[in-house]
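K.L.:
Line by line, the protein sequences give chains A and B.
Our numbering applies: residue 32 is where the first sequence begins, and numbers increase by one.
Our numbering applies: residue 3 is where the second sequence begins, and numbers increase by one.
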Amino acid sequence: MSSVRLLVGTRKGAFVLTADGARKNWTVSQPHFPGWELYHLKGSPADPNRLYASQSSGWFGQQIQRSDDGGLTWNPVGNKFAYDGTPGTHQWYDGTAHPWEFKRVWHLEPSLTDPDTCYAGVEDAALFRTTDAGLSWHELPGLRSSATGPAWQPGAGGLCLHTIILDKANPDRMVIAISAAGAFRTDDGGKTWKPINKGLYSKYIPNPTAEVGHCVHHVAMNPARPNTLFMQKHWDVMRSDDAGDQWTKISGNLPTDFGFVIDTHAHQPDTVYVVPIKSDSEHFPLDGELKVYRSRCGGNDWEPLTKGLPQKDCYVNVLRDAMSVDQLDDCGIYFGTTGGQVYCSPDGGDTWSAITQNLPAVLSIEAQTLP
Amino acid sequence: MLIRVELPQHLRQLAGIPTHELSLPLAPPITLNAILDAIEAAYPALRGTIRDHHTQQRRPFLRFFAEMEDISQLPLDAPLPTSVAEGREPLLIIAGIAGG
Numbered sequence: 032m033s034s035v036r037l038l039v040g041t042r043k044g045a046f047v048l049t050a051d052g053a054r055k056n057w058t059v060s061q062p063h064f065p066g067w068e069l070y071h072l073k074g075s076p077a078d079p080n081r082l083y084a085s086q087s088s089g090w091f092g093q094q095i096q097r098s099d100d101g102g103l104t105w106n107p108v109g110n111k112f113a114y115d116g117t118p119g120t121h122q123w124y125d126g127t128a129h130p131w132e133f134k135r136v137w138h139l140e141p142s143l144t145d146p147d148t149c150y151a152g153v154e155d156a157a158l159f160r161t162t163d164a165g166l167s168w169h170e171l172p173g174l175r176s177s178a179t180g181p182a183w184q185p186g187a188g189g190l191c192l193h194t195i196i197l198d199k200a201n202p203d204r205m206v207i208a209i210s211a212a213g214a215f216r217t218d219d220g221g222k223t224w225k226p227i228n229k230g231l232y233s234k235y236i237p238n239p240t241a242e243v244g245h246c247v248h249h250v251a252m253n254p255a256r257p258n259t260l261f262m263q264k265h266w267d268v269m270r271s272d273d274a275g276d277q278w279t280k281i282s283g284n285l286p287t288d289f290g291f292v293i294d295t296h297a298h299q300p301d302t303v304y305v306v307p308i309k310s311d312s313e314h315f316p317l318d319g320e321l322k323v324y325r326s327r328c329g330g331n332d333w334e335p336l337t338k339g340l341p342q343k344d345c346y347v348n349v350l351r352d353a354m355s356v357d358q359l360d361d362c363g364i365y366f367g368t369t370g371g372q373v374y375c376s377p378d379g380g381d382t383w384s385a386i387t388q389n390l391p392a393v394l395s396i397e398a399q400t401l402p
Numbered sequence: 003m004l005i006r007v008e009l010p011q012h013l014r015q016l017a018g019i020p021t022h023e024l025s026l027p028l029a030p031p032i033t034l035n036a037i038l039d040a041i042e043a044a045y046p047a048l049r050g051t052i053r054d055h056h057t058q059q060r061r062p063f064l065r066f067f068a069e070m071e072d073i074s075q076l077p078l079d080a081p082l083p084t085s086v087a088e089g090r091e092p093l094l095i096i097a098g099i100a101g102g
């Protein structure tokens, strides 16, 4: 029988949650790396027992941990992220030039085919890659040195590269997103990049339709339909059917189109999930009711999913990397909250239950489906 | 000469150091840089955790103490107090206490 392993990154450590295919009875590991911030953990699609984890601390800086046994044991690997050449500057919050400074790794994306290759999205925004299982990391400088790089400006959370999407059908194509620069795509394996933000409208920036400057919170793609991308922007839920060349708004009947997470059903490319969040400053669910919204038709028409989720006095947030899906026939949906709850729906969102309720604030979740 | 060093618990855990205190064989001159070089050579996982990888400067939330004195502002290549250089007192590497 298949099983599911959830890799949960939190403000104070990492946790590995496991269950069989029924996804009813879960085992929660002891904390890995207690006291450290675990921004993201992810397993290699080519070798599910090869895991990479981003471990960071305001005191001690960045670490990368690697596991070769599915998270039972870990070893620190390379943690040096040096920008290629002379880093130059990007824009600071006040519009002045600010030197590029490495702060942390937000997202790790293992290669689809090689367990020793993994990409890292970092703050200040840049893309790094290892080809030796994490021992050394090298920047793909074409992104940061592209024409718009000096104009990128941080969002409230920093100038972070938080989304990396690999395309199984086209190994030379990659989509990434940066807050608050926008989305970018390469079609030549990372040598050159172009902004893919046409159709985005951000009323809070001087030019609402600028080529860059949009606060993209997350982007999702279903591998079965790689040209279709779904985006949760600071405000607006968006869709592109041409790999980001043009975006259209699909917020439709959402009660608010602010949020952080967005993901797609494993087997239904037109089924999309978001968690609307009250903003601009509250960042908790509307009316204290935690609701996942699902669209079965690729957007615009959304239904609230509430069964098993708290519908009273709930004031948590769901951060951008804190939703994931498994690959079982009855697709499981998972998300974690800043209140430390991890919720599971084993039936595509119809019903939910809490796997665990008292973890530290959840930063990220990745689901692995194991044979 | 065996130089004694106390590390923050998080770093001992990261490097798999079971003891509260490290002993490092070092030849004079005993400086902060010499001790940090020896720590990083013995425990590569600690590279970048005490000194920033890029600037090679002390991370801002860490402090160095010797003989009950804060020596964090001492140049990294300056000689350390004799008691530390002779292994009678440990160099303390201390993480700032902060909430959250």
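Built from N, CA and C at the ideal position, the CB exists for glycine as well.
Everything numeric in this text was worked out from a predicted model, so none of it was measured.
Using only the alpha-carbon positions, how far apart do A/Leu-321 and A/Phe-291 sit?
P.N.:
Indexing the first sequence from 1 puts residue 321 of chain A at position 290. Indexing the first sequence from 1 puts residue 291 of chain A at position 260. Cα to Cα, A/Leu-321 sits roughly 14 Å from A/Phe-291.
K.L.:
For A/Ala-107, does the three-state DSSP call read helix, strand or coil?
P.N.:
Position 76 of the first sequence, counting from 1, holds the residue named residue 107 of chain A. The question names Ala, yet the displayed sequence has Pro at residue 107 of chain A. It is a strand residue.
K.L.:
Tell me which residue opens and which closes the beta strand (DSSP E) that A/Ser-34 is part of.
P.N.:
Translated into positions along the first sequence, residue 34 of chain A becomes position 3. Residues 34-41.
K.L.:
Are the C-beta of A/Pro-107 and some C-beta of chain B separated by less than 8 Å?
P.N.:
In the first sequence, counting from the first residue as 1, residue 107 of chain A sits at position 76. Yes, A/Pro-107 counts as interfacial toward chain B.
K.L.:
Look up A/Asp-318 in the DSSP assignment and say whether it is helix, strand or coil.
P.N.:
Taking the first sequence and counting its residues from 1, the one referred to as residue 318 of chain A is at position 287. Here A/Asp-318 sits in helix by DSSP.
K.L.:
Where does the unbroken alpha helix (DSSP H) through B/Val-86 begin, and where does it stop?
P.N.:
Against the second sequence, residue 86 of chain B aligns to sequence position 84. Unbroken alpha helix (DSSP H) run through B/Val-86: 84-87.
K.L.:
Run through the DSSP bridge pairs and tell me what A/Asp-276 is partnered with.
P.N.:
The residue you call residue 276 of chain A lines up with position 245 of the first sequence. In the DSSP output, where bridge partners are listed per residue, A/Asp-276 has none listed.
K.L.:
Taking all protein chains shown into account, do 16 or more other C-beta atoms lie within 10 angstroms of the C-beta of A/Ala-113, making it buried, or fewer, making it exposed?
P.N.:
Counted from its first residue, the first sequence places residue 113 of chain A at position 82. With fewer than 16 Cβ atoms within 10 Å of its Cβ, A/Ala-113 is classed as exposed.
K.L.:
When you compare each of A/Ala-353, A/Pro-391, A/Ala-392 to A/Cys-375 by their alpha carbons, which one comes out closest?
P.N.:
Translated into the one-based positions of the first sequence, residue 375 of chain A becomes position 344. Comparing Cα positions, the closest option is A/Ala-353.
K.L.:
Where does B/Pro-27 land, buried or exposed, given buried means 16+ other C-beta within 10 angstroms?
P.N.:
Translated into the one-based positions of the second sequence, residue 27 of chain B becomes position 25. Exposed, since its Cβ has fewer than 16 Cβ neighbours within 10 Å.
K.L.:
With DSSP collapsed to three states, give me the class of B/Leu-4.
P.N.:
The count along the second sequence starts at 1 and reaches residue 4 of chain B at position 2. Strand.
K.L.:
Would you please verify whether the beta carbon of B/His-56 is less than 8 Å from any beta carbon of chain A?
P.N.:
Translated into positions along the second sequence, residue 56 of chain B becomes position 54. Output row for B/His-56: interface = yes.
K.L.:
Taking 8 Å as the cut-off, decide whether the C-beta atoms of B/Leu-93 and B/Ile-52 are in contact.
P.N.:
The residue you call residue 93 of chain B lines up with position 91 of the second sequence. The residue you call residue 52 of chain B lines up with position 50 of the second sequence. In this structure, B/Ile-52 does not lie closer than 8 Å to B/Leu-93 by Cβ.
K.L.:
Going by DSSP, which residues form a beta bridge with B/Thr-33?
P.N.:
Residue 33 of chain B sits at position 31 when you count from the first residue of the second sequence. BP columns for B/Thr-33 point to B/Pro-81.
K.L.:
If you pair each beta-carbon of the segment 246-266 of chain A with each one of the segment 180-194 of chain A, do three or more pairs fall below 8 Å?
P.N.:
Yes, they touch.
K.L.:
With a threshold of 6 Å on Cβ separation, who are the neighbours of B/Thr-84 within its own chain once the five nearest residues in sequence on each side are excluded?
P.N.:
Locating residue 84 of chain B in the second sequence gives position 82, where the first residue counts as 1. Same-chain partners within the cutoff: there are none.
K.L.:
Going by the DSSP bridge assignment, what does A/His-249 pair with across the sheet?
P.N.:
Stepping through the first sequence from its first residue, residue 249 of chain A is reached at position 218. Beta-bridge pairing links A/His-249 to A/Gln-263.
K.L.:
Just confirm the distance between the C-beta atoms of A/His-129 and A/Trp-137, as a whole number of angstroms; I'd bet it's less than 8 Å.
P.N.:
As a first step, residue 129 of chain A must be located in the first sequence, where it is residue number 98. As a first step, residue 137 of chain A must be located in the first sequence, where it is residue number 106. About 18 Å; that fails the 8 Å criterion.
K.L.:
If A/Lys-199 sits next to A/Pro-254, beta carbons under 8 Å apart, how far is it from one beta carbon to the other, in whole angstroms?
P.N.:
Numbered from 1 along the first sequence, position 168 holds the residue referred to as residue 199 of chain A. Numbered from 1 along the first sequence, position 223 holds the residue referred to as residue 254 of chain A. That pair is a contact at about 5 Å.
K.L.:
What residue range is occupied by the uninterrupted beta strand (DSSP E) comprising A/Arg-160?
P.N.:
Position 129 of the first sequence, counted from the start, is the residue given in the question as residue 160 of chain A. 157-161 is the extent of the beta strand (DSSP E) around A/Arg-160.
K.L.:
Start and end of the beta strand (DSSP E) containing A/Ala-398?
P.N.:
Working through the first sequence from its first residue, we reach residue 398 of chain A at position 367. Note, A/Ala-398: beta strand (DSSP E), 393-401.
K.L.:
By DSSP's criteria, B/Phe-67 is part of a beta bridge. Which residues make up the other side?
P.N.:
For the purposes of this step, residue 67 of chain B is taken as the residue at position 65 of the second sequence. DSSP lists B/Asp-72, B/Leu-94 as partners of B/Phe-67.
K.L.:
Please give the ranges of any beta strand (DSSP E) in the segment 126-190 of chain A, keeping only runs that are unbroken, at least 3 residues long and fully inside the region.
P.N.:
Fully enclosed beta strand (DSSP E) runs of 3 or longer: 128-130, 135-141, 149-154, 157-161.
K.L.:
Give the residues of chain B in contact with A/Phe-289, contact being defined as C-beta atoms less than 7 Å apart.
P.N.:
Locating residue 289 of chain A in the first sequence gives position 258, where the first residue counts as 1. By Cβ distance, chain B contributes nothing, its closest Cβ being about 25 Å from A/Phe-289, past 7 Å.
K.L.:
In the DSSP assignment, the alpha helix (DSSP H) including B/His-22 goes from what residue to what residue?
P.N.:
The residue you call residue 22 of chain B lines up with position 20 of the second sequence. From DSSP, B/His-22 is part of no alpha helix (DSSP H); its letter is neither H nor E.
K.L.:
Name the chain A residues that come within less than 7 Å of B/Ala-105, Cβ to Cβ?
P.N.:
Given a span of 3 to 102 for chain B in the structure shown, any question on residue 105 of chain B remains unanswerable.
K.L.:
Bridge partners of A/Phe-215, per DSSP?
P.N.:
Reading the first sequence from its first residue, position 184 is the one you call residue 215 of chain A. The partner list for A/Phe-215 (beta bridge, DSSP) reads A/Ile-207, A/Pro-226.
K.L.:
Which chain A residues are close to B/Gly-98, counting only those with a beta carbon under 8 Å from its beta carbon?
P.N.:
The sequence position of residue 98 of chain B within the second sequence is 96, counting from 1. Within chain A, the residues near B/Gly-98 are Trp-90.
K.L.:
Using only alpha-carbon positions, find the residue among A/Pro-141, A/Asp-155, A/Pro-107, A/Leu-103 that is nearest to A/Pro-118.
P.N.:
Taking the first residue of the first sequence as 1, we reach residue 118 of chain A at position 87. Residue A/Asp-155 is the option with its Cα nearest to A/Pro-118.
K.L.:
Is B/Arg-60 helix, strand or coil when you go by DSSP?
P.N.:
Stepping through the second sequence from its first residue, residue 60 of chain B is reached at position 58. Correct three-state label for B/Arg-60: strand.
K.L.:
Relative to the C-alpha of B/Ile-32, which residue among B/Glu-69, B/Ile-96, B/Pro-46, B/Gly-89 is closest?
P.N.:
For the purposes of this step, residue 32 of chain B is identified with residue 30 of the second sequence, where counting begins at 1. Of B/Glu-69, B/Ile-96, B/Pro-46, B/Gly-89, the residue nearest in Cα terms is B/Gly-89.
K.L.:
Which class does A/Ile-236 belong to by DSSP, given the choice of helix, strand or coil?
P.N.:
Residue numbering aside, residue 236 of chain A sits at position 205 when the first sequence is read from its first letter. DSSP places A/Ile-236 in coil when its eight states are reduced to three.
K.L.:
Would you say B/Arg-2 lies against chain A (beta-carbon separation less than 8 Å)?
P.N.:
As shown, chain B starts at 3 and ends at 102. That puts residue 2 of chain B outside it, with no answer to give.
K.L.:
So B/Phe-63 and A/Gly-89 are supposed to be a Cβ contact under 8 Å. How far apart are they, rounded?
P.N.:
Position 61 of the second sequence, counting from 1, holds the residue named residue 63 of chain B. Position 58 of the first sequence, counting from 1, holds the residue named residue 89 of chain A. Confirmed, Cβ separation roughly 6 Å.
K.L.:
Taking the beta carbon of A/Gln-388 as the centre, do at least 16 other beta carbons fall within 10 Å, making it buried, or is it exposed?
P.N.:
Taking the first sequence and counting its residues from 1, one reaches residue 388 of chain A at position 357. Counting Cβ neighbours within 10 Å, A/Gln-388 comes out exposed, since fewer than 16 surround it.
K.L.:
Along the segment 6-37 of chain B, what residues have a CB closer than 7 Å to any CB found in chain A?
P.N.:
Cβ contacts with chain A come from His-12, Leu-13, Leu-16.
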